[in-house]
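Taken in order, the sequence shown gives residues -26 to -1, 1 to 425; the numbers are from mature numbering (1 follows the signal peptide of the UniProt record, and there is no 0). Here a beta-carbon is modelled for each residue, glycine too, at the ideal position from N, C-alpha and C. All of these numbers come straight from a predicted model, not from anything done at the bench.
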Amino acid sequence: MGKLPLPFLPFVFSTLFTLIIPSASGLSFNFTSFIVGADQNISYEEAYPADGAIQLIKNLRNANVTNSSGRATYYKPMQLWDEASGNLTDFTTHFSFSIDSQGRRAYGDGLAFFLAPEGSKLPPNLSEGSGLGLTRRDQLLNTTANHFVAVEFDIYKNYFDPPGEHVGIDINSMQSVNNITWLCDIIGGRRTDAWISYNSSTHNLSVAFTGYRNDTVEMQFLSRIVSLRDYLPERVSFGFSASTGSASALHTLYSWDFSSSLEIDDNVTNPIDPATNPLDRKKNRTGLAVGLGVGGGAIVVGAALVGFVIKFMRGHEEDEEGGHVAEEYMDDEFERGTGPKKFSYQELARATNFNKTQMERLMIVGLSCAHPDEHLRPSIRQALHVLNFDAPLPILPSKMPVPSYFAPPVSASSLSIMSYGLTDSEGGMNKSSSYSYNTNSSQLTASSSAS
């Protein structure tokens, strides 16, 4: 056998990590700010960039801007699903925004991140804020003219809304299919960070966002099982909309990043998704939980393989002629069928029930469990809920803090973390509950709610 070429080592690394890290293609962008006059591929309807941010409605500083609506959308559509292959996209987005009443206690109405049919525009003749720029007053609860799936951040109670400020998931109606009280600060105009993700295998639309309780930042969560292909066409416009009615506030978007996975390739079709078979799905959930322990061993084996390859490259050199003879012999064995058998990726995927979504959950839960701050690590129960698709993926920080030790201060602030419960509602699954950890008393309290 001839000497292994140097490029083989990166191939080993890429092969190992291809098995454990899902690839992503399709749309991807990151706007850290919005500059006036810059070509940032944003389409505006009554909204506009100002001071490095986007004002989603007409903004007259220190003025009551009532009965106003606006939109900011990405300039090109997203491929949500593909009829030819049946594939549905995964996507994730993170954005930072504020709704500021400028000290007024009467305010409205809110903003939404939405998906709508390609080419969707701000509905004409909007005269009030209850539709959040998504639909008209006469179609608030059953729109036929303006289809959408949206996550609303609503600060005004209409007759169909729950009490107080809330975050909800809307499907062709302003009456949310699932909602949770939003611990926001509209009078103070504090910023909110939100993360929204969609899992094409589980159809889980997950929302994580920041709130405030006793001047402490608190993470909140909301989710809904929904098949987006049942409500939206293959290509969709997406972005933000906002509105005000008789009460007003400033609706400001500061940053936005987004990525989706679906890329159409006429020559390649995805392997059969085990999640489409209920029996396979149940079996996969059990296997995924076991995989949490096996995953570490797989990485160790992979590292050992890389070490073996390096040693082999350094210690074994044979002449090129012998290598060519061996290669020709193996090619002949393949052709005659007496040697090793070649398998396509699709065959291997079907035989092993490989599911990239399950592996994604395994990796993210593993990283979350390795957080240097033990109070931010999930419990075993929380980890199993995520691995079994009973809870949304945890949100990983963009950069992990350096592990360190600090002596406990005399007066420690409390840390609140929202987690998950599970309820059934109208054929979908809604999740919300909370855990609060107090570093002063070292006690864990929990509360849950069902909707």
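Among the options, nearest to residue i - alpha-carbon criterion
i           : options            : result
residue 39  : 87, 205, 30        : 30
residue 68  : 166, 225, 334      : 166
residue 78  : 366, 159, 230      : 159
residue 221 : 76, 207, 215       : 76
residue 86  : 208, 105, 50, 337  : 105
residue 133 : 141, 343, 148      : 148
residue 21  : 224, 136, 118, 338 : 224
residue 365 : 120, 80, 66, 199   : 199
residue 59  : 228, 203, 345, 334 : 203
residue 175 : 368, 329, 184      : 329
residue 207 : 344, 138, 120, 227 : 120
residue 95  : 343, 18, 339       : 18
residue 197 : 142, 88, 51, 155   : 142
residue 231 : 155, 156, 184, 47  : 47
residue 168 : 152, 193, 162, 233 : 193
Alpha carbon of residue i to alpha carbon of residue j, nearest angstrom
i           : j           : result
residue 385 : residue 188 : The predicted position of residue 385 is uncertain, since its pLDDT is 40 and thus under 50; a value taken from the coordinates is nonetheless stated next. For residue 385 and residue 188, the distance between alpha carbons rounds to 15 Å.
residue 23  : residue 362 : 42 Å
residue 195 : residue 127 : 13 Å
residue 114 : residue 353 : 41 Å
residue 26  : residue 15  : 15 Å
residue 229 : residue 136 : 29 Å
residue 98  : residue 164 : 31 Å
residue 7   : residue 186 : 24 Å
residue 82  : residue 144 : 18 Å
residue 382 : residue 150 : Here residue 382 scores only 46 on pLDDT, less than 50, and its place in the model should not be relied on; the value that follows carries that caveat. Approximately 43 Å, taken between the alpha carbons.
residue 357 : residue 72  : 31 Å
residue 118 : residue 339 : 41 Å
residue 427 : residue 332 : The structure shown does not extend to residue 427, since the chain is modelled only from -26 to 425, so the question has no answer here.
residue 171 : residue 218 : 27 Å
residue 49  : residue 28  : 15 Å
residue 337 : residue 146 : 35 Å
residue 107 : residue 122 : 11 Å
residue 350 : residue 342 : 8 Å
residue 110 : residue 43  : 11 Å
Exposed unless 16 or more other CB atoms sit within 10 angstroms - verdict on residue i
i           : result
residue 3   : exposed
residue 191 : exposed
residue 54  : buried
residue 62  : buried
residue 355 : exposed
residue 456 : Because the chain in this structure spans residues -26 to 425, residue 456 falls outside the shown range and cannot be described.
residue 116 : exposed
residue 368 : buried
residue 80  : exposed
residue 9   : exposed
residue 482 : In this structure the chain extends from -26 to 425, so residue 482 is not present and cannot be described.
residue 213 : buried
residue 124 : buried
Cβ distance (whole Å) where residue i is taken to contact residue j below 8 Å
i           : j           : result
residue 210 : residue 90  : 6 Å
residue 64  : residue 178 : With 8 Å as the limit, residue 64 and residue 178 do not qualify as a contact, their Cβ atoms being about 10 Å apart.
residue 84  : residue 216 : 7 Å
### Minimum length 3: unbroken beta strand (DSSP E) runs contained in the segment 177 to 236
178 to 187, 190 to 199, 209 to 218, 224 to 234
### Message
In chain order, what are the residue ranges of uninterrupted alpha helix (DSSP H) at least 4 long that sit wholly in the segment 76 to 137?
### Response
none
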